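Numbering (my numbering), first residue to last: 1 to 330.
From the three backbone atoms N, C-alpha and C, an ideal C-beta is built for every residue, glycine too.
The model shown is predicted, which means the values in this text are computed figures rather than measured ones.
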């Protein structure tokens, strides 16, 4: 009996030692804020002590656009697009709860309603009661859900490879990238909260895009480090099992805001056919599909994405000057 107990104790000690060896600790909060927020980092105060990291860039007197990033990303995903548009629009980006420098939602609420709290906190801090609203992937899902919940606040909707559209007849769910596959596995999920190898992050990022050249060491470091911001890995695990309330897709026909739908033709995470579904259900839509582009057109094709947004927004403001002077797509 003593020998068996000693063997068991030794085995547990070995497992514990291996775990401590491979465990990836949380990143240092202050160090991450200094690196990715800088000395002028802004935080909007929300309900329950929520502090939402946000940026307010571009032309202050121009029409305002609030942009929502996707799952496991951060506001930096919009930087290439901001560089294209910031002389013509006021562009507001922020880290959604459970992401970036915002960290965990105070109540661990990653439903659409819980995410709206951060959006409303940022809109309040920016003193905006209405705006154009855009989102990519999970951010697109939150954007169209917000347009249903607060139609009076959304002047126009920009869905970029957005989540939430049901599969079309005969389609099977698309393959998840490596990071999402691990989070969806109930046995591995607790380990993923503690063990986050940089190589897995790199593989997940590369699986997300078609234009591989945009992925460099700085991008991978950013995803890896901000994923390890205190509270974010646990938030990812909770989001993996959060109800996405799929029945709301039946209400897409109720969206009154004019809507631009942008998609990458080589998106492997959300089929491009989802753009058709959104266009069929939302009454007033324009659709733009980019060949050779994956899940994040605003990073893979920022100039083309910016031009599509310019055309769309100028059509909503007929008195505005056509800054592009381009032929309209046939």
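Residue i, buried or exposed, once every other Cβ within 10 Å from all chains shown has been counted against 16
i           : result
residue 267 : buried
residue 49  : exposed
residue 313 : buried
residue 228 : buried
residue 253 : exposed
residue 170 : exposed
residue 149 : exposed
residue 317 : exposed
residue 133 : buried
residue 30  : exposed
residue 302 : buried
residue 168 : exposed
For residue j and residue i, believed in contact at Cβ under 8 Å, the rounded distance
i           : j           : result
residue 70  : residue 124 : Residue 70 to residue 124, Cβ: 23 Å. No contact.
residue 126 : residue 92  : 6 Å
residue 230 : residue 26  : 5 Å
residue 245 : residue 112 : 7 Å
residue 290 : residue 275 : Contact flag wrong, Cβ pair sits at about 11 Å.
residue 161 : residue 292 : About 14 Å; that fails the 8 Å criterion.
residue 209 : residue 294 : 4 Å
Residue nearest to residue i in terms of C-alpha spacing, selected from the options
i           : options           : result
residue 240 : 159, 208, 186, 85 : 186
residue 395 : 33, 44, 76, 46    : Because the chain spans 1 through 330 in this model, residue 395 falls outside it and cannot be assessed.
residue 154 : 26, 167, 162, 135 : 135
residue 299 : 80, 68, 235       : 80
residue 37  : 74, 174, 284      : 74
residue 250 : 165, 270, 257, 94 : 165
residue 137 : 270, 90, 204      : 270
residue 219 : 45, 72, 44        : 72
residue 47  : 257, 118, 29      : 118
residue 257 : 278, 283, 247     : 283
residue 128 : 90, 68, 303       : 90
residue 199 : 306, 217, 210     : 217
residue 173 : 273, 102, 105     : 273
Contact set for residue i: own chain, Cβ-Cβ below 8 Å, skip 5 residues either direction
i           : result
residue 206 : 212, 215
residue 42  : 53, 54, 55, 56, 125
residue 88  : 58, 59, 62, 310, 323
residue 196 : 24, 224, 227, 228, 233
residue 222 : 36, 74, 76
residue 156 : 132, 133, 257, 258, 259, 260, 312, 313, 316
residue 107 : 48, 114
Cut-off 6 Å between Cβ atoms - residues of its own chain near residue i, not counting five sequence neighbours on either side
i           : result
residue 131 : 64, 66
residue 260 : 158, 286, 312
residue 151 : 256
Bounding residues of the alpha helix (DSSP H) (the contiguous stretch that carries residue i)
i           : result
residue 278 : 273-281
residue 54  : First-last for residue 54: 51-58, but that is the beta strand (DSSP E), not the alpha helix (DSSP H).
residue 224 : 217-227
residue 116 : 112-125
residue 309 : 302-316
residue 201 : 198-208
residue 90  : Taken as a continuous stretch (DSSP letters only), residue 90 belongs to no alpha helix (DSSP H), being part of the beta strand (DSSP E) at 90-94.
Neighbourhood of residue i by C-beta distance below 7 Å, restricted to the same chain and skipping five residues each side
i           : result
residue 350 : Here the chain has residues from 1 to 330 only, and residue 350 is not among them.
residue 115 : 96, 97, 142
residue 45  : 51, 121
residue 279 : 261, 285, 287
residue 163 : 137, 138, 140, 141, 270
Span of the beta strand (DSSP E) around residue i
i           : result
residue 67  : 64-68
residue 137 : 131-137
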